[in-house]
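Novice: Protein chains in written order, with our numbering: chain D, 1327 to 1752; chain S, 1327 to 1752.
Glycine residues also receive a C-beta, built at the ideal position from the N, C-alpha and C atoms.
Pasting a structure below so you can have a look.
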């Protein structure tokens, strides 16, 4: 890997991350944004609301990275210690920033419509040695510090951001990404990812071993198994204007050929996006009938902006009565074969398509656990029906994970199977 | 804080975490488990599949923590470098472990039913200076190393685990938590969390300032704002058998009194769990009708094990036709007031309750963005109806975030409002 690539560390501050009370989704988003402008994230670190811990993590990050992005600890309450700490760390003193002060007053008066407290005015205090980034979506400003590393004499950039996701994102988009781009406009990091289904990572690795061994040093291959499928990602780092993008694209086409037997999609997008694109392309519509996934399949499909163009709706038939009354599953079918059976999901699908009038549908029923399994149908047993009014298929799975994971796997395999079904029609 | 508390670092290995391709949910779960047995997580760090980076992160973690838990990089492909690196780091050489070998063979033959490749046999190779932890859910074993820290002479424990969540969890539950518990049976970390709605964090902080300033040093208060609500968490650290648990509980009761005006639930659980518990307690049932949330509300409710006791189903009426045909919303209502209106969600709720026959229901309709807004009803406009066949209420919101966030906020506020509605009935 080229050593001329600009590197970043992402640092997250807050005890809630250390006790497992919240899951950090900010860092993944920030890493994507940095990668897109050619900055390589070397490390992510989460520390608690403890002065000594934050200080030490800063010391380490400044040595190893060119840019440090910090989120969290900027609120108005006593557990938020980031701002005075950064003032001390960079040897500044706290002053009131008039622009921030006006902004805080405006937000309380016109947006929050809440009384402005003394401690909220404190939000306008910033160290006098940082550049202030006005936060349009909240009261805590971003802060941009610069410092010479004592050992290397290199200039380091340290940016502090609020931890609230949409506030952090607003500051990243408005100030930080545009400015960092000017520093890095000679570097590029190229990712190309494809999705396979039907082969394990070992099997694929064996199959493409000779090709992988001959990859140029600047291009790295990663295997990302998930949901019983495997994503393959090529990453190339190099100078803008060099042939790195062309090289990665070339290798990516070779890879697609090598794994074509298991290839599902040639991009790094979730199944619900790939299925949505296919439906738009074919001008078709879809609906879903869910028992065990309880709305997760519908949620995945509708999490894609613009999905109302092809997604019409869903019947969540958690109770068998709903299966009978809205989806017209016959009482006899439920009695004879049970709610988790090929027969039931097929009737759910047929009832759904009749009710919703869509071109395609998916129907699922299963036992997600922890309770509800039997010897005959253990926890993790799932039946999925998919297809159109003319042609339907059913398939069964035996997942052996926890409830959340079983729900996710069922939904993703529903999407995958309908995707392959529609592809096979053309 | 007592310095006698045993500390841990959690280290995650894999480029996918640094480029934002995956979100790390393992670390939060591990931190919860460690906290529950009195181990304080000082730091979480994510590094890439780079030897030098992993080595340096290990050096730092060994100085600062007593226990280091490592996940990732144990797969059978070339990008997985953790195992040989740990062998080198601790000065061991690689040997075949017969028990792991038998286990790998068994898994391929009986569970995966795939041909066993040379590279899979490599999974049975481990450094000769670690204790092997057999992974019932997969082929990569866990590894337990011990090392004296050169500066402090203290014994450090370093444990390597696969990154696949259910494999990591299996090893944690079977070996690691039980064994670490024996090391820490004189320490406790107590968390108590409550949820408030209706006041900002600054306002609450002001209101409880005198009380907060008088908290004993061993007890810490944290403010966790999210979804327009604020969670308050008390954390106490101390010796088992000391009065720390009693002290935290005592302070927690005081806190509940102080914030009772805004108090929603006195525990750290999501709204869907609190609502579910309330429904079980009152022996009542619920159904949902969703437009803009597209199944997310149903997904939250059904993500709770045992929810089939009170949750009957949902109609996801993304298309207005579904609102009319299944939920019996009048065409005139849609024409006159629009799909996003008090009138429409009220009819959705009434139609839902008639169709599903449940005691309570929630109906939502809104514009989640990025497209779909108008001057009259901008993106983020949401109407929610909630109640019973006898009594319904509607409420509107104007969220101003991105699509995912708007969907989450709508769902959580639907749950919150029905929760308060049911509480107010008694």
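Which ranges would you report for the alpha helix (DSSP H) in the stretch 1665 to 1689 of chain S if only whole runs of at least 4 residues count?
Specialist: DSSP runs (the alpha helix (DSSP H)) wholly in the stretch 1665 to 1689 of chain S: 1668 to 1682.
Novice: Anyone know if the C-beta pair for residue 1385/D and residue 1418/D falls short of 8 angstroms?
Specialist: No, Cβ-Cβ distance for residue 1385/D and residue 1418/D is not below 8 angstroms.
Novice: Would you tell me roughly how many angstroms separate the C-alpha atoms of residue 1477/D and residue 1389/D, rounded to the nearest one?
Specialist: Approximately 8 angstroms between the Cα atoms of the pair.
Novice: In the DSSP assignment, find the unbroken beta strand (DSSP E) run with residue 1551/S in it and report its ends.
Specialist: Unbroken beta strand (DSSP E) run through residue 1551/S: 1545 to 1552.
Novice: Based on Cα-Cα distance, which residue from 1471/D, 1563/D, 1348/D and 1379/D lies nearest to residue 1413/D?
Specialist: Here the closest residue by C-alpha is 1471/D.
Novice: Taking CB distances under 8 angstroms as the criterion, tell me whether residue 1608/S reaches chain D.
Specialist: No, its Cβ sits nowhere closer than 8 angstroms to a Cβ of chain D.
Novice: Going along the stretch 1703 to 1728 of chain S in order, which residues come within less than 7 angstroms of chain B, judged by CB to CB distance?
Specialist: The structure shown contains no chain B; the protein chains it does contain are D and S.
Novice: Within 10 angstroms of its Cβ, does residue 1531/S collect 16 or more other Cβ (buried), or is it exposed?
Specialist: Classification for residue 1531/S: buried.
Novice: Which residues in the same chain have their Cβ closer than 7 angstroms to the Cβ of residue 1726/D, if we skip the five residues on either side of it in sequence?
Specialist: Result list for residue 1726/D: 1706, in chain order.
Novice: Please go through the same chain and pick out, in chain order, the residues whose beta-carbon is closer than 6 angstroms to the beta-carbon of residue 1784/S, but skip the five residues on each side of it.
Specialist: The requested residue 1784/S does not occur in the structure, where chain S is confined to residues 1327 to 1752.
Novice: Say yes only if the C-beta of residue 1665/S is nearer than 7 angstroms to one or more non-hydrogen atoms of the ligand FAD, and no if none qualify.
Specialist: Looking at this structure, you won't find the ligand FAD or any other ligand, since it has none at all.
Novice: As a quick exercise: from 1682/S, 1692/S and 1702/S, pick the residue whose alpha carbon is nearest that of residue 1735/S.
Specialist: With distances taken between Cα atoms, residue 1735/S lies closest to 1692/S.
Novice: Would you call the stretch 1616 to 1629 of chain D and the stretch 1614 to 1634 of chain S in contact, with 3 or more CB pairs under 8 angstroms?
Specialist: Contact between the stretch 1616 to 1629 of chain D and the stretch 1614 to 1634 of chain S is present, because at least three Cβ pairs lie under 8 angstroms.
Novice: One question on the structure: do residue 1614/D and residue 1640/D come within less than 8 angstroms of each other, judged by their Cβ atoms?
Specialist: In this structure, residue 1640/D lies closer than 8 angstroms to residue 1614/D by Cβ.
Novice: Under the three-state reduction of DSSP, which class applies to residue 1625/S: helix, strand or coil?
Specialist: The answer is helix: DSSP assigns residue 1625/S an H, G or I state.
Novice: Which residue wins for smallest C-alpha separation from residue 1401/D, given the options 1475/D, 1421/D and 1375/D?
Specialist: Nearest option by C-alpha distance: 1375/D.
Novice: Note the first and the last residue of the continuous beta strand (DSSP E) segment covering residue 1501/D.
Specialist: Unbroken run through residue 1501/D: none, as it is neither H nor E.
Novice: On the CB-based measure, 16 or more other CB atoms within 10 Å of its CB, does residue 1346/D come out buried or exposed?
Specialist: Residue 1346/D should be labelled buried.
Novice: Please confirm if the stretch 1673 to 1682 of chain D is in contact with the stretch 1705 to 1720 of chain D, defined as three or more CB-CB distances below 8 angstroms between the two stretches.
Specialist: Touching, yes, given that three or more Cβ pairs across the two stretches are closer than 8 angstroms.
Novice: Per the DSSP calculation, residue 1382/D is bridged to which residue(s)?
Specialist: Paired residues: none, contrary to the question.
Novice: Closest by CA to residue 1666/D, which one among 1687/D, 1427/D, 1653/D and 1699/D?
Specialist: Selected option, being the one with the closest Cα: 1699/D.
Novice: Residue 1718/D: which of 1732/D, 1750/D and 1514/D sits nearest, CA to CA?
Specialist: It is 1750/D.
Novice: Run through chain D and tell me which residues come within less than 9 angstroms of residue 1445/S, C-beta to C-beta.
Specialist: 1528, 1531, 1532 and 1535, listed in chain order.
Novice: Identify every residue that forms a DSSP beta bridge with residue 1718/S.
Specialist: Per DSSP, 1713/S.
Novice: Compare the C-beta of residue 1504/D with all C-beta atoms of chain S and state if any pair is closer than 8 angstroms.
Specialist: Cβ-Cβ to chain S under 8 angstroms: no for residue 1504/D.
Novice: At 7 angstroms on the CB atoms, spell out the chain S contacts of residue 1355/D, in chain order.
Specialist: The contacting residues are 1346.
Novice: When the Cα of residue 1720/D is compared with those of 1744/D, 1445/D, 1490/D and 1642/D, which residue comes out closest?
Specialist: Checking every option, the nearest Cα to that of residue 1720/D belongs to 1744/D.
Novice: Under 8 angstroms, do residue 1363/D and residue 1507/D count as touching if we go by C-beta distance?
Specialist: Yes.
Novice: When DSSP labels each residue in this structure, what does residue 1447/S get in the three-state scheme?
Specialist: DSSP places residue 1447/S in helix when its eight states are reduced to three.
Novice: Does residue 1596/S have its Cβ less than 8 angstroms from a Cβ in chain D?
Specialist: For residue 1596/S, the answer is no, since every Cβ of chain D falls outside 8 angstroms of its Cβ.
Novice: Per DSSP, residue 1637/S is paired with what?
Specialist: Note: residue 1637/S sits in a beta bridge opposite 1612/S.
Novice: Using 8 angstroms as the threshold, is the stretch 1574 to 1586 of chain D in touch with the stretch 1556 to 1563 of chain D, meaning 3 or more CB pairs across them?
Specialist: Yes, the stretch 1574 to 1586 of chain D touches the stretch 1556 to 1563 of chain D.
Novice: Going by beta carbon distance, what residues of the same chain come within less than 7 angstroms of residue 1642/S, once the five residues before and after it are set aside?
Specialist: Excluding positions up to five away in sequence, the list reads 1616, 1620 and 1621.
Novice: Under DSSP, the alpha helix (DSSP H) around residue 1740/S begins and ends at which residues?
Specialist: Element bounds for residue 1740/S: 1729 to 1751.
Novice: For residue 1279/D, tell me which candidate among 1344/D, 1415/D, 1685/D and 1404/D has the shortest Cα-Cα distance.
Specialist: In this structure chain D extends from 1327 to 1752, so residue 1279/D is not present and cannot be described.
Novice: Can you tell me where the alpha helix (DSSP H) with residue 1355/D in it begins and where it stops?
Specialist: Note, residue 1355/D: alpha helix (DSSP H), 1352 to 1362.
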